[in-house]
Every structure is written in C-alpha cells, then in structure tokens.
Amino acid sequence: MDRHAATVSVVDFAPFLNGSPSDKKSVADAILSSFKETGFLYLINHGFPDHDIQGMFDWKVAHHLYEASEIAENRAKAQDVKENFECGREDDEMMPNIWLPEGVLPGFKEACLDYFWKCSELQKDILSALALGFDLPEDYFVKFHTKPDNQLRLLHYPSIPLCALETNEITRIDGHADFGSITIVFQDDVGGLEVEDPNNAGTFLPVPPIAGSVIVNAGDFLMRWSNDTIRSTVHRVRAPPGAALADGMVPERYSIPYVFFAVAFCCPDFETIVDAIPGTWSAERPKRYEPILVR
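Just so you know, we're using my numbering here: the sequence shown kicks off at 49 and counts up by one.
Spelled out as structure tokens, the structure:
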C-alpha cells in the first residue's frame, strides 16, 4: 500500500462477526478510531462474498452495461466525466426504480436487488459496530435505519486524457463529502480515489485498492449525530499515480458505492430526530448542532 495512504486504517471485521464480546469491542473501537481520524477505513474479512462483488462488476464490464442504447441515449455533457446506474429498494414510494426495458440485459434487475439487500446487511453490521464503539447498545443506529432509503450506484469513469485531468478541464468527480450516515465503496484495481488530509486542508492522499477490502466512509449525518466526533471527509476521484497509458489516456475505472440516504447515500429513516448521541457532549463540550428531523 502506498505510504501516503497509511492514514486510512485497515480494520479486520471477522472478529466482530464471529468473535467474543471483547473481540467485537476491539473491532468497534478500531472503526470509531478510524472515523475520528480520517472518516475513512478499509474493511477486510467483511463477510460479503467475493463472487457476488465480482459478479456485479461483471454486469458493468462483461455485459457492457453502459453500451446499452437505452442508457447511451441519455448521456449528457458535464465537467465530471462519469456515468452511473442507480437503484434502491423496490418498494420505495418516493423514488421508484427505473429499470431497463424488458429483454435488455436479462437478470440485471434481479442481480442489482440481490446485491442491494446484501449491502444492507453489511451496513447494519457496520452500524452495530459503530454503536458499540460509542459504548451504546448495538441496535442504537440500526433502529433508525429500518427502512433502507439507500442507493446502489454502479459507477463508470471512462478513459480520458491525462492532460485534461491535470488541468482540471474535466474531472472524474470533484471534491465532496457524502451526505448520509455511511458509504460502502467497492472499487476495481485501477485506483484514483483520494481523501483530504485531515491535518492539511487542500492536500489529498491516495486510497489505493486493497484486494478483498471494501472502503467505508462516514457522511454528514453521522458527523452531526456524533457532535463532530466523527469526520465526514472530503474526497474525490482523480488519475491514480502513474496511471496514464502510452497514448496519454487514463484507464477507465469502475466502482460500486452503496450509499445511504434518501436520495443518494445510508440515511436514517424519515421522521428520525438526529441529535448528538450520549457521551459526545457535556458542559465543557456542548452540542454543536440543533436537533433536526429527517424528511
């Protein structure tokens, strides 16, 4: 792993899933510590089957998802050069899924929904660990995420000229923080994800792929919920170091973020009151935010 990425910790999730109470607490503390330091972590031995992850990437690559005419005809020009397909739970009343026409990529809808719900289970495990890190009951956050207003996003960053990236003529995705509770990111081996150095604003550090890992980052809701104990860190996708091909083009990149909030990333259920959780505020460290109602 690149030496600069050492700020993003690697957490082994297996002891939380299968270990003793003390094992679970150690993992929970490691997750919370990572979120305090950078807002990001690599999660290994997370229990998500490798063949399912590869299967979802295969839908995008081997099945030429983005070459389907029904998608290509809806392309638009934008500074951020990326394309994506998004879906949520099938019974979402506010934002129903829009699927490809019947007969286009048979099996794709079923694969997406299966992946969505497996991500939802991983999300619950991570939120349970996080609650334990705060010395709260394991269901503290999960009970506010019972109706997953989450989004599965299949992202494709096409191959583009390196010089255009370096001059910011175009970008893959510019610096931003996520809005929800947490985001789970599955990425290919190309790289390009960068996070802002928590100790040096404006400086970005690479988060290169680690085989078998998923990336988990905290969002704005979780930062607010924790009274700024947890960081919601700005991140972006650029050209990975040394990535240009002989023709000066940066290779295409695929990633699958499972993001949690009502529109795009894990958000608390509607009507949840998000207020500073116990243990994150006191007379000496008062609440930094007013309570808000999720709607």
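Ideal Cβ placement from N, Cα and C applies to all residues, glycine included.
Ranking H94, L170, L89 and F88 by CA distance to the CA of P63 puts H94 first.
Within the stretch 173-257, the complete beta strand (DSSP E) segments of 3 residues or longer fall at 198-205, 221-224, 230-235, 241-244 and 252-254, listed in chain order. With 16 or more other CB atoms across the displayed protein chains lying within 10 angstroms of its CB, T219 is buried.
Where S81 is concerned, the enclosing alpha helix (DSSP H) starts and stops at P69 to E85. Between P209 and the set T277, E300 and Q102, the nearest pair of CA atoms involves E300. The beta-carbon separation of I101 and D60, rounded to 18 Å, does not stay under the 8 Å limit for a contact.
Distances from the CA of V129 to each of K195, R286, A177 and T328 were compared; the closest alpha carbon is that of R286. N66 sits in a helix when the DSSP states are folded into three classes.
Exclusion of the five residues before and after G327 leaves F182, D183 and L184 as the residues of its chain whose Cβ lies within less than 8 Å of its Cβ. Only residues of its own chain outside the window of five on either side were considered, and among them V255 and V285 have a CB closer than 6 Å to the CB of L241, listed in chain order. Taking the Cα of Y163 as reference, the smallest distance to any Cα among D106, E244, M297 and T194 is reached at D106. If you draw a 10 Å sphere on the C-beta of R272, you find 16 or more other C-beta atoms in it, and that means buried. Residues G103, M104 and W107 of the same chain have their beta carbon placed closer than 8 Å to that of A159, with the five preceding and five following residues left out of the count. Counting along the chain, the unbroken alpha helix (DSSP H) around D268 starts and ends at D268 to W273. Apart from the 5 residues on each side of it in sequence, D237 sits with its Cβ closer than 8 Å to the Cβ of P257 and A259 in its chain, given in chain order. Across the structure, E134 and F88 are spaced so that their CA atoms are roughly 23 Å apart.
At a Cβ-Cβ threshold of 7 Å, F192 and T320 count as neighbours. The alpha-carbon of D245 is positioned some 44 Å away from that of P149. Just so you know, the alpha carbons of P196 and P334 end up roughly 31 Å apart.
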